[in-house]
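Asks:
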């Protein structure tokens, strides 16, 4: 296996399942030092951590980034407690499978709260990358539901 990500750390928002978890595995298999998985469901985070353990260090952080208080805690911890990251992957999503005409104001607000969380996490990580002067990469993943 190549070591193109050797020694690098990644923050993966929405990393406890789907594309986010697959991305974590991909990075660890290619030499990443650690991945930090952010997700809203503790059970999913624990399962992902266990599944990724054979490939490397997977840390977890429980937060629903669409909830203002949880987002504020995550943003604070990005400054003070979480490791510096070289890569940010935004893959969190909301899946509300219903017809367009059936969506409510609450659904609309949920989608926008998630986008707001993604925006401010990206802003915080980018500022830290600039401050360190080491650069990095930020990847935003969408789906057909977006």
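In the numbering used here, the protein residues as written are 259 to 404.
Even for Gly, the Cβ is constructed at its ideal location relative to N, Cα and C.
(1) Using DSSP with H/G/I as helix, E/B as strand and the rest coil, what is residue 315?
(2) Could you spell out where the beta strand (DSSP E) holding residue 396 opens and where it closes?
(3) Given 8 Å as the limit, is there contact between the stretch 285-295 and the stretch 357-368, that is, 3 or more CB pairs closer than that?
(4) Keeping to the same chain, check which residues put their C-beta closer than 6 Å to that of residue 203; ignore five residues upstream and five downstream.
(5) So, helix, strand or coil for residue 219, using DSSP?
(6) Could you give the C-beta distance for residue 294 and residue 321, rounded to a whole number, given that I count them as a contact under 8 Å?
(7) Does the distance from the CB of residue 368 to the CB of residue 383 come in under 8 Å?
Replies: From the atom records:
(1) strand
(2) 395-398
(3) no
(4) This structure cannot speak to residue 203, because the chain is shown only from 259 to 404.
(5) The displayed coordinates of the chain run from 259 to 404. Any statement about residue 219 would go beyond what the structure contains.
(6) That belief does not hold up - the Cβ atoms of residue 294 and residue 321 are roughly 11 Å apart, past 8 Å.
(7) no
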